[in-house]
Ligand code: NAD
Ligand code: UFG
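Numbering (my numbering), first residue to last: 314 to 675.
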C-alpha cells in the first residue's frame with residue numbers, strides 16, 4: 314500500500330508547482346533513516362527535489378518533521394516497502410506523473426551486524442530483495458542513475474591501510490557484510506547486461522554525528538550496537554557504562570581504529586555522486602567515503618570528553634567477535650571524481666552527536 318504525502322496535491326500556487334517540476338527529482342529509498350534524512354536535507358539545499366520511499370521499519374516520521382524544520386518545507390514521502398514490486402512501481406508511477414525521475418539513492422536496508430548473524434534470512438530478504446526489486450523497477454521506468462549505500466565492510470581486514478577501491482573484496486565478517494557484497498555484485502551484473510545503468514557504489518566508513526541544528530540525527534531503536542549512540546546514551550545516564558571492546562589490539566593504545574566521518578559530509582557526497590553520474594553514461598564505479606584518518610576507540614572517548622566537557626563512563630572489556638583491528642579510507646578517488654572532501658572534524662561530529670542526544674532528552 315502506498316501512502317503519498319505530496320505537496321503538489323495540497324493546492325500549491327501554480328508558480329510553486331512550476332518551480333518544483335523544474336528541479337531534478339531524486340527517489341530516496343530509506344530517506345527517513347539516519348543517513349537518508351541528512352541526504353534529503355543536502356539534496357534539497359542543492360536544488361534537487363527528493364522523494365522519500367520508506368517503510369519506517371527502522372525510522373520514525375519525526376525525521377520528516379526534523380527535515381521540515383531545517384529546509385522550511387515538508388519533504389515528499391511515501392510509505393513503501395522496497396521489497397514489494399507492486400508498491401515500488403505504484404510509487405514510481407505516482408512520482409512519474411509529476412516529475413521526471415533523474416536518479417535513485419538506495420539507502421533502504423537493515424544494518425545491525427550482530428542481528429544479521431542470528432537472522433541472516435531477514436537481512437538477505439530485505440537488503441538483497443529490495444535492491445533487486447528496485448533495479449527491476451528502475452528498468453521499467455527508464456531510470457538509469459543509481460547511488461548505492463555500500464560499506465567498507467566489503468574489504469574485511471585489508472592488508473594495506475589506508476584502503477583504496479582497488480583492494481580485494483575479502484570474506485565478509487557477517488551476513489550483513491555479505492548482503493552489501495551481493496548487492497554490489499548484482500548492480501555490476503545489471504550494469505554489464507542490456508539494462509542501461511549508471512551506478513556509484515559508495516562504501517561508507519563509520520558515519521557519526523548529527524545535523525548541527527539538532528533537528529535530525531541517529532534514532533537507534535532499542536539497544537545501540539554502534540559506538541557513538543551507545544557512548545552518548547551511557548554519558549546521558551540511560552545505559553550502563555560503555556564497554557571498550559578490547560584493549561589488546563596491535564594499535565598504539567590497544568583499541569580498534571576506525572575512520573569516523575561526519576554524517577553531513579557523507580550526505581553531501583551523495584549530492585556530488587549524483588552530479589558525477591549526471592555527467593556520465595553507463596558508468597559503474599565504487600568510491601570510498603571516509604576522512605582518510607583513523608581514530609582509536611580511546612581517542613574518540615577522550616575527544617568526546619574534551620569537546621563536550623563531560624565524563625564518559627567506560628570500562629575495558631573483551632574483544633567483540635568479528636571486529637577488525639584497524640581500517641581507514643583512502644578517499645582520493647571520490648575527491649578527484651566528485652570534487653568532494655570532508656569539511657567537518659571528529660570534534661565537530663562528537664559535539665553534534667552530544668547536542669543531538671541532549672535534544673532527544675536525557
Ligand atoms: P537506517 O536504519 O537509519 O536507515 C535505513 C532506512 O531504510 C530506515 O528508514 C528504514 O525504515 C528503511 N528501510 C529498511 N528496509 C526497507 C524496505 N524494505 N523498504 C523501505 N524502507 C526500508 O540506516 P542508516 O544508518 O541510515 O543506513 C543507510 C544505509 O547505509 C543502509 O543501506 C546501511 O546498510 C548503509 N550503511 C550504514 C552504515 C552506518 O554505520 N550507519 C555504514 C555503512 C553502510
Ligand atoms: N565499540 C566499542 N564499544 C561499543 C561499540 C563499539 O568499543 O559499545 C568499538 C568497536 O569495537 C569498534 C568501534 O567501536 O572498534 C566502532 O564500532 P561500531 O559498531 O560503531 O562500527 P563498526 O566499525 O563495527 O561497523 C560499522 C557499522 C557497520 C558497517 C561498518 C563499516 O556498524 O554497519 O561500520 O561501514 F558495515
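Beta carbons: idealized from backbone N, C-alpha and C, even for Gly. Everything numeric in this text was worked out from a predicted model, so none of it was measured.
**Message:** By the three-class DSSP mapping on this structure, what secondary structure does residue 419 have?
**Reply:** For the purposes of this step, residue 419 is taken as the residue at position 106 of the chain shown. Three-state result, residue 419: strand.
**Own chain residues within Cβ distance below 8 angstroms of residue 601, not counting five before or after** = Working through the chain shown from its first residue, we reach residue 601 at position 288. Hits under 8 angstroms: 465, 476, 477, 478, 516, 518, 642, 643, 644, 646 and 647.
**Asked** Quick one: does the C-beta of residue 435 sit closer than 7 angstroms to a heavy atom of the ligand UFG?
**Response** As a first step, residue 435 must be located in the chain shown, where it is residue number 122. No; taking the cut-off as 7 angstroms, the Cβ of residue 435 has no heavy atom of the ligand UFG nearer than that.
**Asked** Cα-Cα, which of 661, 489, 397 and 414 is closest to residue 620?
**Response** In the chain shown, the residue the question calls residue 620 occupies position 307. Closest by alpha carbon: 661.
**Asked** the ligand UFG heavy atoms versus the CB of residue 538: any closer than 7 angstroms?
**Response** For the purposes of this step, residue 538 is taken as the residue at position 225 of the chain shown. Residue 538: yes, Cβ under 7 angstroms from the ligand UFG.
**3-residue-minimum beta strand (DSSP E) runs that sit fully inside the segment 489-551, ordered along the chain** = 511-517 and 519-521
**Outcome for residue 481 when other beta-carbon atoms lying within 10 angstroms are tallied against a minimum of 16** = Position 168 of the chain shown, counting from 1, holds the residue named residue 481. Residue 481 should be labelled exposed.
**Message:** Just verifying my parser: in three-state terms, what is the DSSP assignment at residue 483?
**Reply:** Here residue 483 refers to the residue found at position 170 when the chain shown is read from its first residue. Coil.
**Request:** Quick one: grab the DSSP three-state call for residue 365.
**Result:** Counted from its first residue, the chain shown places residue 365 at position 52. Reduced to three states, the DSSP call for residue 365 is strand.
**Close beta carbons around residue 394, own chain, < 7 angstroms, minus the five adjacent residues each side** = Residue mapping note: residue 394 aligns to position 81 of the chain shown, counting from 1. Closer than 7 angstroms at Cβ, skipping near neighbours: 368 and 400.
**Request:** List in chain order: all unbroken beta strand (DSSP E) runs of 3+ residues lying wholly within the segment 578-649.
**Result:** 597-602 and 627-630
**Beta-bridge partners of residue 454, as assigned by DSSP** = Taking the first residue of the chain shown as 1, we reach residue 454 at position 141. In the DSSP output, where bridge partners are listed per residue, residue 454 has none listed.
**Buried or exposed by the 16-neighbour rule on C-beta atoms within 10 Å, applied to residue 458** = The count along the chain shown starts at 1 and reaches residue 458 at position 145. By the 10 Å Cβ count, residue 458 comes out buried.
**Message:** Looking at residue 514: is its Cβ nearer than 8 angstroms to the Cβ of residue 497?
**Reply:** Against the chain shown, residue 514 aligns to sequence position 201. Against the chain shown, residue 497 aligns to sequence position 184. Taking 8 angstroms as the Cβ cut-off, residue 514 and residue 497 qualify as a contacting pair.
**Prompt:** Using the rule of at least 16 other Cβ atoms within 10 Å of the residue's Cβ for burial, across every protein chain shown, is residue 545 buried or exposed?
**Reply:** Counting from one through the chain shown, the residue named residue 545 turns up at place 232. Classification of residue 545: buried, given that the 10 Å Cβ count is 16 or more.
**Message:** At a cut-off of 7 angstroms, would you count residue 346 as near the ligand NAD, judging by its Cβ distance to the nearest heavy atom?
**Reply:** Here residue 346 refers to the residue found at position 33 when the chain shown is read from its first residue. Yes - the ligand NAD has a heavy atom lying nearer than 7 angstroms to the Cβ of residue 346.
**Asked** What do you reckon, is the C-beta of residue 395 under 7 angstroms from a heavy atom of the ligand NAD?
**Response** Within the chain shown, numbered from 1, the residue matching residue 395 stands at position 82. Checking the Cβ of residue 395 against the ligand NAD gives yes.
**Request:** Assuming residue 560 and residue 451 form a contact by the criterion Cβ under 8 angstroms, report the distance between their Cβ atoms to the nearest whole angstrom.
**Result:** Position 247 of the chain shown, counting from 1, holds the residue named residue 560. Position 138 of the chain shown, counting from 1, holds the residue named residue 451. Not confirmed; about 47 angstroms, so no contact.
**Where the beta strand (DSSP E) through residue 339 begins and ends** = For the purposes of this step, residue 339 is identified with residue 26 of the chain shown, where counting begins at 1. 338-342 is the extent of the beta strand (DSSP E) around residue 339.
**Asked** Residues in its own chain within less than 6 angstroms of residue 567 by CB, not counting five upstream and five downstream?
**Response** By one-based count along the chain shown, residue 567 stands at place 254. The answer, listed in chain order, is 560 and 561.
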